[in-house]
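Asker: Supplied in structure tokens, the structure appears directly below.
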Amino acid sequence: MRRKRYERFRRAVIGVTLSALASGGLLAATTTPSTAATTPPSAPATSHPSASAWTVSDPARSALTARLALDAAGELRLAVARGGEPVLSPGRLGIRTDQHDLTTGLRLIGRKDRTVHDTYRMTTGKELRRSATMRETTFTFRGADGARLGVVVRVSDDGVAYRYVLDERGPVTVTGEASTFEVPADAKAWVQPYATSYESERTETTAGAANAAEPRTCADDTCSFGYPTLFEVDGSYVLLTEADVDGRYSGSHLDHKDGATAYSVALADDEPVTSPGPLSTPWRTAIVGSLDTLVGSTLVDDLAPPSRVRDTSWIRPGTDDWSWLSDTNSPGDFDRQRDFVDYAAAHGLEYTLVDAGWKASWVPELVRYARARGVDVILWFDWADLKTQAQRDAWFSKIKAWGVVGVKVDYMYSDAQSTFQWYDAILRDTAEQHLMIDFHGATIPRGLQRTWPQVMSVEGVRGKENGQNPTRDVFLAFTRNIVGSMDYTPTWFSRPNRQNSLAHELALPVVYESGWTSLGDNPEGFAAQPVAERYLEQLPAAWDETRFVSGGPGQQSTGERQAVLARRSGDRWFVGGILAGTGGTMKAPLGFLGKGTWLVETVADQDGQLRRTVRTVTAKDTLAVPAAANGGFAALACPAAKGRTDCDQPVTTAPATTLATDPSTVTAEAGKKASFGATFTLPEGAALRDVRMTVDRGRLPAGWSAAGADVRARSLPAGKELKGRWTVTVAGDQPGGTVEVPVVVTYAHPAGGSTPPVHVEEVVRVSTPLHGTVYASDQPFLGESNGFGPVERDQSNGEAGGQDGKPLTIGGTVYAKGLGMNAPGQVRIDLQGRCTRFEAHVGVDDETDGKGSVTFTVLGDDDRQLAATDVLHGGDPAQPLTADVTGVHTLTLTAGDGGDGKNYDHADWGLARLTCAD
Numbered sequence: 010m011r012r013k014r015y016e017r018f019r020r021a022v023i024g025v026t027l028s029a030l031a032s033g034g035l036l037a038a039t040t041t042p043s044t045a046a047t048t049p050p051s052a053p054a055t056s057h058p059s060a061s062a063w064t065v066s067d068p069a070r071s072a073l074t075a076r077l078a079l080d081a082a083g084e085l086r087l088a089v090a091r092g093g094e095p096v097l098s099p100g101r102l103g104i105r106t107d108q109h110d111l112t113t114g115l116r117l118i119g120r121k122d123r124t125v126h127d128t129y130r131m132t133t134g135k136e137l138r139r140s141a142t143m144r145e146t147t148f149t150f151r152g153a154d155g156a157r158l159g160v161v162v163r164v165s166d167d168g169v170a171y172r173y174v175l176d177e178r179g180p181v182t183v184t185g186e187a188s189t190f191e192v193p194a195d196a197k198a199w200v201q202p203y204a205t206s207y208e209s210e211r212t213e214t215t216a217g218a219a220n221a222a223e224p225r226t227c228a229d230d231t232c233s234f235g236y237p238t239l240f241e242v243d244g245s246y247v248l249l250t251e252a253d254v255d256g257r258y259s260g261s262h263l264d265h266k267d268g269a270t271a272y273s274v275a276l277a278d279d280e281p282v283t284s285p286g287p288l289s290t291p292w293r294t295a296i297v298g299s300l301d302t303l304v305g306s307t308l309v310d311d312l313a314p315p316s317r318v319r320d321t322s323w324i325r326p327g328t329d330d331w332s333w334l335s336d337t338n339s340p341g342d343f344d345r346q347r348d349f350v351d352y353a354a355a356h357g358l359e360y361t362l363v364d365a366g367w368k369a370s371w372v373p374e375l376v377r378y379a380r381a382r383g384v385d386v387i388l389w390f391d392w393a394d395l396k397t398q399a400q401r402d403a404w405f406s407k408i409k410a411w412g413v414v415g416v417k418v419d420y421m422y423s424d425a426q427s428t429f430q431w432y433d434a435i436l437r438d439t440a441e442q443h444l445m446i447d448f449h450g451a452t453i454p455r456g457l458q459r460t461w462p463q464v465m466s467v468e469g470v471r472g473k474e475n476g477q478n479p480t481r482d483v484f485l486a487f488t489r490n491i492v493g494s495m496d497y498t499p500t501w502f503s504r505p506n507r508q509n510s511l512a513h514e515l516a517l518p519v520v521y522e523s524g525w526t527s528l529g530d531n532p533e534g535f536a537a538q539p540v541a542e543r544y545l546e547q548l549p550a551a552w553d554e555t556r557f558v559s560g561g562p563g564q565q566s567t568g569e570r571q572a573v574l575a576r577r578s579g580d581r582w583f584v585g586g587i588l589a590g591t592g593g594t595m596k597a598p599l600g601f602l603g604k605g606t607w608l609v610e611t612v613a614d615q616d617g618q619l620r621r622t623v624r625t626v627t628a629k630d631t632l633a634v635p636a637a638a639n640g641g642f643a644a645l646a647c648p649a650a651k652g653r654t655d656c657d658q659p660v661t662t663a664p665a666t667t668l669a670t671d672p673s674t675v676t677a678e679a680g681k682k683a684s685f686g687a688t689f690t691l692p693e694g695a696a697l698r699d700v701r702m703t704v705d706r707g708r709l710p711a712g713w714s715a716a717g718a719d720v721r722a723r724s725l726p727a728g729k730e731l732k733g734r735w736t737v738t739v740a741g742d743q744p745g746g747t748v749e750v751p752v753v754v755t756y757a758h759p760a761g762g763s764t765p766p767v768h769v770e771e772v773v774r775v776s777t778p779l780h781g782t783v784y785a786s787d788q789p790f791l792g793e794s795n796g797f798g799p800v801e802r803d804q805s806n807g808e809a810g811g812q813d814g815k816p817l818t819i820g821g822t823v824y825a826k827g828l829g830m831n832a833p834g835q836v837r838i839d840l841q842g843r844c845t846r847f848e849a850h851v852g853v854d855d856e857t858d859g860k861g862s863v864t865f866t867v868l869g870d871d872d873r874q875l876a877a878t879d880v881l882h883g884g885d886p887a888q889p890l891t892a893d894v895t896g897v898h899t900l901t902l903t904a905g906d907g908g909d910g911k912n913y914d915h916a917d918w919g920l921a922r923l924t925c926a927d
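Under the working numbering, think of the first position of the sequence shown as 10, with each following residue one higher.
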């Protein structure tokens, strides 16, 4: 069979004979490999009209060869061979624009060869330090109408990639590609029906019969499949995907006709894409080799542009505890989120991720609580709230001031060019703001973690939130997780009706790579598994090396599927093994360990519980672990030493400290000064290092200033107090209300190394007395929330960024002052107990054209209702709303959804004002 396929492959390259190849009819790349970033291109070659096929080989000329052929009709085809055996038969190449058809009638007019050698460093991924060498040939063709087409082919030891180059100046509109991969119909295939969420289930089938995997997603006899798609051809594996996609182009997927061998590249939504020109398209990419090659491949990143972030010191991979998976309502519960912060602090986790449901009113307090314990906070966002530049500017500056270090952005669900342009914008913005990011509800990574190293992870996978499937778990180890970090959210040990074993669950964060690993259980679920807790406390989130150990996506002779991977951090190896099936012995050859004697701790299932065993091994040994049905194991190896009984490194947490301000609340008239002090103490434990106490002047309102020196201590022993004193000057035009002045203490984290300093913060509330009649829109907000965008001052809600609304207008009356909300919305204002009356004209803004329904409620201290309206609809005239606020300190104004959802619920508080003491 293999010889027959090779003969078909050879004949298909446009009839080029072996004698013609030997005599030079086949032009071969000859550039010598170089250690420079790239070698300069050679001079353009003259046209070779008699040549009809050319090869580009991998740098070592030992394994991979790409053959580009031009037939009599001027059509291009590319084939790939490994070790002389075909893995991809000749597939069509070419591209169409609205001006030119560059799929036929082509003739070669030039060729340039070079060796591309690149070294770079990642912040995430299977290998932090990268080195890649690729042979590159640029073929230049002229079309029948005189237009030029560049085809750039790169071959490395782990794959083949090509892209098109159109050198036209001015806009270039691409209407489609002829790009096609040809795979034998009987080749094994692991496919995922294409969906923009990339959350459909993967199936094992054959290349020809793949359409039967999910016929509901097909149109007529053509089905679409998402990247990466895996095939096995005579013992070689081919993983098809793409690299270097950004807003210049769209994403793509593969279309396949039932029973055919061709998998064709289809642009997102079958829509044209327009580039400013000149245009280099994404790389059409095939990772080719053994499973070891695939697991270790960095080809997708190697093909991506270099990092655009020079200083990456603020970027920190890590592990977070995440409450949403085990309790979807918990992100809206401040007290419950504190439980997760406490758990992260106690177990050395770097982050707590607060998902959908958080409230702006309490997030700053949660962040202060977390940072004082050495834990940073990540916040979830719906991408609709970050869609525009104004939205991103408003939100990012706000959460950065709160102390949030990163965002998880959800629900993009698109591969369209416009969405990739949005990716470009938010990646630029998060880099500028030093905010890390996780893309959820997203497309797959295509090398963006190299270009934008603040990207910690990407979903683009059917993960834990979509139920369990142990077979899927194995498939993912050889498909999706090959191409970049994967936000799978593993380790929900307490999941009801869990389908896999405890050890399988524990192995997942080793088998899968993710710069942020979001642990899916709750503190109680983890506490019930102390053996797992101990292992997870040791687990890194970035790796120096990754190795394939054993297994594969196909069924073994005993009927189960397995995946065993090893990842190194420093001098320790973490090994994860997962199994799908009835169970059996999992074997892990330990050749990756290297010389010497090693201590190996293994965690496996035993009688429904996790059990840890320790043994001494060498690289010649094989770890054999009995596995339960849908089971697995997790192991940790370290160099053996006399007296060493485990591989644990100490989990160092931030100590409990106290920061007290005196007084905590001060009063000052506009333009006047107020003074306060602060005392910081470490009650017990080892001395703190590099302690600094200061006022965060960067977060003071415009016109405010602070005087007073920072207070520092190289070492602060337990029991010794660090004291400071400052004076703030209130802005001369301050309209009243309360401003929070942050007092911040930082000190070196006891863990040392690159761990960022611990941040302890308290606020001093500086109140400027309210006098006479004051407007709610002129007051500082103690807290706010809103359906779309921020609560607006003196204009309607524009549903996006700050200051994007229109004049407040109800029933044809325009109000110069007031608040614009989108229900459900809320603001809290400090009245200092000095006011007696609140009044406003309320209703739905005329801009909704008669749509929308809102209720308006005024609340006093302890959420005591002071006044409320019935449901008001768009087109209704403004209604007066008054409330007695005598003695009230905190006033809350709430716009509620009237029952038809938050669309069009533009709630206006016209002329919202307060009567206060003179």
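Heads up, the beta-carbon is just placed ideally off N, CA and C, and yes, glycines get one too. What you are looking at is a predicted structure, and each value in this text was computed from that prediction instead of being measured.
Quick one: is residue 130 buried, meaning 16 or more other Cβ sit within 10 Å of its Cβ, or exposed?
Answerer: As a working mapping, residue 130 is identified with position 121 in the sequence shown. Label assigned to residue 130: exposed.
Asker: Exposed or buried, which one is residue 53 when buried takes at least 16 other CB atoms within 10 Å?
Answerer: By 1-based counting over the sequence shown, the position of residue 53 is 44. For residue 53, the predicted model reports a pLDDT of 39, less than 50, meaning its position is unreliable; a value from the coordinates is still stated below. Label assigned to residue 53: exposed.
Asker: Which class does residue 384 belong to by DSSP, given the choice of helix, strand or coil?
Answerer: Here residue 384 refers to the residue found at position 375 when the sequence shown is read from its first residue. Correct three-state label for residue 384: coil.
Asker: Which one of 264, 785 and 329 has the shortest CA to CA distance from residue 532?
Answerer: Taking the first residue of the sequence shown as 1, we reach residue 532 at position 523. Cα-wise, what sits closest to residue 532 is 329.
Asker: In chain order, which beta strand (DSSP E) runs of at least 3 residues are fully inside the segment 802-836?
Answerer: List check, beta strand (DSSP E) in window: 817-819, 822-824 and 827-831.
Asker: Would you list the residues sitting across from residue 607 in a DSSP beta bridge?
Answerer: Residue numbering aside, residue 607 sits at position 598 when the sequence shown is read from its first letter. Per DSSP, 626 and 648.
Asker: Taking residue 665 and residue 692 to be in contact with their CB atoms under 8 Å, please state how far apart those CB atoms are, rounded to whole angstroms.
Answerer: Position 656 of the sequence shown holds residue 665. Position 683 of the sequence shown holds residue 692. With a Cβ gap of about 7 Å, residue 665 and residue 692 count as contacting.
Asker: In whole angstroms, what separates the C-alpha of residue 612 from that of residue 211?
Answerer: Mapped onto the sequence shown, residue 612 falls at position 603. Mapped onto the sequence shown, residue 211 falls at position 202. Distance between the alpha carbons of residue 612 and residue 211 is about 29 Å.
Asker: Give the range of the beta strand (DSSP E) segment to which residue 914 is assigned.
Answerer: For the purposes of this step, residue 914 is identified with residue 905 of the sequence shown, where counting begins at 1. From DSSP, residue 914 is part of no beta strand (DSSP E); its letter is neither H nor E.
Asker: Have a look at the DSSP bridge pairing and note the partners of residue 618.
Answerer: Here residue 618 refers to the residue found at position 609 of the sequence shown. DSSP lists 615 as partners of residue 618.
Asker: Taking the alpha carbon of residue 506 as the point to measure from, which residue in 573, 335, 146 and 593 has its own alpha carbon closest?
Answerer: Stepping through the sequence shown from its first residue, residue 506 is reached at position 497. The option with the nearest alpha carbon to residue 506 is 335.
Asker: Leaving out the 5 sequence neighbours to the left and right, which residues in its chain are closer than 6 Å to residue 217 when beta-carbon positions are compared?
Answerer: Here residue 217 refers to the residue found at position 208 when the sequence shown is read from its first residue. Hits under 6 Å: 194 and 268.
Asker: Out of 852, 920, 866 and 897, which has the shortest C-alpha to C-alpha gap to residue 914?
Answerer: Walking along the sequence shown from the start, residue 914 turns up at place 905. Closest option to residue 914, Cα to Cα, is 852.
Asker: Go ahead and pull the three-state DSSP assignment for residue 449.
Answerer: In the sequence shown, counting from the first residue as 1, residue 449 sits at position 440. DSSP places residue 449 in coil when its eight states are reduced to three.
Asker: Could you check if residue 746 is buried or exposed, using at least 16 other CB atoms within 10 Å of its CB as the buried criterion?
Answerer: Stepping through the sequence shown from its first residue, residue 746 is reached at position 737. Residue 746 is buried by the Cβ-count criterion.
Asker: Threshold first: 3 residues or longer. Then list the beta strand (DSSP E) segments lying entirely within the segment 99-126, N to C.
Answerer: Those beta strand (DSSP E) runs which fall completely within the segment 99-126 and span 3+ residues are 104-106.
Asker: Which value, in whole angstroms, describes the spacing of the CA atoms of residue 912 and residue 427?
Answerer: Residue mapping note: residue 912 aligns to position 903 of the sequence shown, counting from 1. Residue mapping note: residue 427 aligns to position 418 of the sequence shown, counting from 1. Roughly 24 Å separates the two Cα atoms.
Asker: Return helix, strand or coil for residue 31, following the three-state DSSP convention.
Answerer: In the sequence shown, counting from the first residue as 1, residue 31 sits at position 22. Only weak support is given to the placement of residue 31: the predicted model assigns it a pLDDT of 31, under 50, and the value that follows is read from those uncertain coordinates. Note: residue 31 maps to helix in three-state DSSP.
Asker: With residue 906 as the anchor, note down where its beta strand (DSSP E) starts and where it stops.
Answerer: Along the sequence shown, one-based indexing puts residue 906 at 897. 899-906 is the span of the beta strand (DSSP E), which, as asked, contains residue 906.
Asker: Could you pull the DSSP bridge partners for residue 874 from this structure?
Answerer: The count along the sequence shown starts at 1 and reaches residue 874 at position 865. Partner(s): 868.
Asker: Under DSSP, the alpha helix (DSSP H) around residue 518 begins and ends at which residues?
Answerer: Within the sequence shown, the letter at position 509 stands for residue 518. Taken as a continuous stretch (DSSP letters only), the alpha helix (DSSP H) holding residue 518 covers 511-520.
Asker: Helix, strand or coil: how does DSSP classify residue 207 here?
Answerer: As a first step, residue 207 is located in the sequence shown; it is residue number 198 there, counting from the start. Coil.
Asker: Taking residue 246 as part of the beta strand (DSSP E), name the residues at either end of that continuous run.
Answerer: Here residue 246 refers to the residue found at position 237 when the sequence shown is read from its first residue. Taken as a continuous stretch (DSSP letters only), the beta strand (DSSP E) holding residue 246 covers 245-252.
Asker: Given a cut-off of 8 Å on the beta-carbon distance, is the pair residue 511 and residue 538 in contact?
Answerer: What you label residue 511 is simply residue 502 of the sequence shown in a count that begins at 1. What you label residue 538 is simply residue 529 of the sequence shown in a count that begins at 1. In this structure, residue 538 lies closer than 8 Å to residue 511 by Cβ.
Asker: Taking the beta carbon of residue 373 as the centre, do at least 16 other beta carbons fall within 10 Å, making it buried, or is it exposed?
Answerer: For the purposes of this step, residue 373 is taken as residue 364 along the sequence shown, with counting starting at 1. The residue in question, residue 373, is buried, as its Cβ has 16 or more Cβ neighbours within 10 Å.
Asker: From residue 842 to residue 925, what does the alpha carbon distance come to, in whole angstroms?
Answerer: If you number the sequence shown from 1, residue 842 lands on position 833. If you number the sequence shown from 1, residue 925 lands on position 916. Roughly 9 Å separates the two Cα atoms.
Asker: Provide the residue(s) that pair with residue 197 in DSSP beta bridges, ordered along the chain.
Answerer: Taking the first residue of the sequence shown as 1, we reach residue 197 at position 188. 215 and 241.
Asker: Does DSSP classify residue 928 as helix, strand or coil?
Answerer: The structure shown does not extend to residue 928, since the chain is modelled only from 10 to 927, so the question has no answer here.
Asker: Would residue 869 pass as a contact of residue 836 if the rule is Cβ separation under 8 Å?
Answerer: If you number the sequence shown from 1, residue 869 lands on position 860. If you number the sequence shown from 1, residue 836 lands on position 827. No, these two residues do not count as a Cβ contact at 8 Å.
Asker: Mind the definition here: the segment 705-712 touches the segment 645-662 only if three or more C-beta pairs lie below 8 Å; say whether that holds.
Answerer: No, the segment 705-712 does not touch the segment 645-662.
Asker: Using a Cβ-Cβ cut-off of 7 Å (strictly less than) and excluding sequence neighbours within five positions of residue 565, which residues of its own chain qualify?
Answerer: What you label residue 565 is simply residue 556 of the sequence shown in a count that begins at 1. 571.
Asker: Report yes or no: do the segment 770-782 and the segment 871-880 share at least 3 C-beta pairs separated by less than 8 Å?
Answerer: No, because fewer than three Cβ pairs between the segment 770-782 and the segment 871-880 fall closer than 8 Å, the two stretches do not touch.
Asker: With DSSP as the reference, label residue 1 as helix, strand or coil.
Answerer: Since the displayed the chain opens at 10 and closes at 927, residue 1 lies outside it and no answer follows.
Asker: Starting from the Cα of residue 146, find the closest Cα among 140, 123 and 152 and give me that residue.
Answerer: Position 137 of the sequence shown, counted from the first residue, corresponds to residue 146. Here the closest residue by C-alpha is 123.
Asker: Have a look at residue 829 and residue 394 and give me their C-alpha separation to the nearest angstrom.
Answerer: For the purposes of this step, residue 829 is taken as residue 820 along the sequence shown, with counting starting at 1. For the purposes of this step, residue 394 is taken as residue 385 along the sequence shown, with counting starting at 1. Between residue 829 and residue 394, the C-alpha separation is close to 17 Å.
Asker: Applying the 10 Å Cβ sphere with the 16-neighbour rule, what's the burial state of residue 620?
Answerer: Here residue 620 refers to the residue found at position 611 of the sequence shown. So residue 620 counts as exposed.
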